[in-house]
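What follows is a single structure, written as structure tokens, with notes after it.
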Amino acid sequence: MKTAVKYNIYLFITALVLVIFLLADYGFSVFGGKISSQQNLFPTFAKDTVNKIVIYIPGKDLIEIDKNNNQWVLKNLNNYLADQDLMNNFLTSVQELKSSEVVSKNANNLKTYGLDDINAAHLKLSKNDSPLADIYIGKPGPSYNSQFVKLSGDNKVFLVNENLGNKLLKTADDLRDKTIIKIDPSLIKSLTIAGQQITDLTAANNKFNPLNANGFIDAGEKVEEDTTKEAEPFAINIVTTNKTITINVGKMDKNGNYFVTTSESNQMFTVNSYIIDELKKLSEN
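Quick note, this note's numbering runs 75 ahead of the 1-based positions in the sequence shown.
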């Protein structure tokens, strides 16, 4: 009987030590309980003060995005215009970023959360090179809209209420502004597609305005056409109150996107075939 009592006491002490260890290292979240409170991870952060964003993703080139004349540009990608809405939404997410209690304080656990030096993505937000937020991004959290993060110089792991990786951990091309044309509908006076005058401007406007690209074909980049599909080139002419905009639609690429150029720039784009085919149908009605 005494042996059994000693054994039970031993188990109790062992369990108690384990609980204390878990509480010290992981916080109450280890038990799957409700988060009692959330706090802003960057309480003094103001998104409008940021003028530089640096993104490092393991195995990829560093991306620097600078704010010039109130517009975000991709500094190491020919200063191409970035997707302004994407940038602003991301900065809003950082400003409103909330965390629960610390998930882990142990440096040995960083790899578990994807926050070790090899796997973690790194984001630095600054104003004139003065850091405003310096954060490492790890694995997604247990829910879709959550992620494990840590601050620079600290081993504390937080579970935050945003999946930052989905918002900004992309290639430089993904971050580019993909708007080909965007016109105030009230300024459009006439429209022709493949030589046919379009009378229902409202229906057409809903299909092409704005017209966004799938991707870009930059100068010197090899173009791979899809030779298995016949695509007859045609033009879309949009007459506005102050100018005429021409959209030239060419052949298709290997992924089923059309090659597109406009009179507004020297850039070549690729556009989803569904969008172009729907526009072409308007000229056939």
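Ideal Cβ positions, reconstructed from N, Cα and C, are used throughout, including at glycine.
Under the three-state reduction of DSSP, which class applies to residue i: helix, strand or coil?
i	result
I128	strand
I258	coil
I173	The sequence shown places Lys at residue 173, not Ile. Reduced to three states, the DSSP call for K173 is strand.
F96	No answer about F96 holds up, because its pLDDT of 47 lies below 50 and its placement is not dependable.
F117	coil
E353	helix
T246	coil
K122	helix
A279	helix
T316	coil
N145	coil
N151	coil
N284	coil
K202	strand
L207	strand
K214	strand
L137	coil
Per the DSSP calculation, residue i is bridged to which residue(s)?
i	result
T336	N323
N347	N332
D191	BP columns for D191 are empty, so no partner.
Q342	Q342 is not bridged to any residue.
S179	V232
K264	According to DSSP, K264 bridges with nothing at all.
Q271	I268
L156	V148
F291	F344
E300	D328
F309	V324
Please look up how many angstroms separate the CB atoms of residue i and residue j, rounded, as I've assumed it's under 8 Å.
i	j	result
I320	E339	6 Å
I322	I258	That pair is no contact at about 11 Å.
T315	L262	4 Å
N153	I138	Not a contact, Cβ separation roughly 13 Å.
L161	V235	Incorrect: roughly 19 Å between the Cβ atoms, too far for contact.
S358	I292	No, S358 and I292 are not in contact; Cβ-Cβ is about 25 Å, not under 8 Å.
N230	N181	7 Å
S168	F233	Between F233 and S168 the Cβ distance is about 14 Å, and since that is not below 8 Å, they are no contact.
S221	N238	7 Å
D252	G290	Not confirmed; about 13 Å, so no contact.
V178	F223	7 Å
I210	P133	Between P133 and I210 the Cβ distance is about 15 Å, and since that is not below 8 Å, they are no contact.
L149	L250	6 Å
T254	P206	Between P206 and T254 the Cβ distance is about 31 Å, and since that is not below 8 Å, they are no contact.
Could you give the uninterrupted runs of the alpha helix (DSSP H) lying entirely in the region 217–242, keeping only those of 4 residues or more?
-> Entirely contained in the region 217–242, not one alpha helix (DSSP H) run reaches 4 residues.
Report yes or no: do the region 186–200 and the region 211–227 share at least 3 C-beta pairs separated by less than 8 Å?
-> Contact holds: three or more Cβ-Cβ distances are below 8 Å.
The region 266–281 in contact with the region 151–160 per 3-pair CB rule at 8 Å = Judged by Cβ distances under 8 Å, the region 266–281 makes no contact with the region 151–160, as fewer than three pairs qualify.
Looking at C-beta atoms only, is the number of pairs between the region 343–353 and the region 327–335 that lie closer than 8 Å three or more?
-> Between the region 343–353 and the region 327–335, the count of C-beta pairs closer than 8 Å reaches three or more; the two stretches touch.
Cβ pair count under 8 Å reaching 3, the region 122–142 against the region 306–317 = no
Tell me, please, whether the region 127–136 touches the region 191–200 by the rule of three or more beta-carbon pairs shorter than 8 Å.
-> yes
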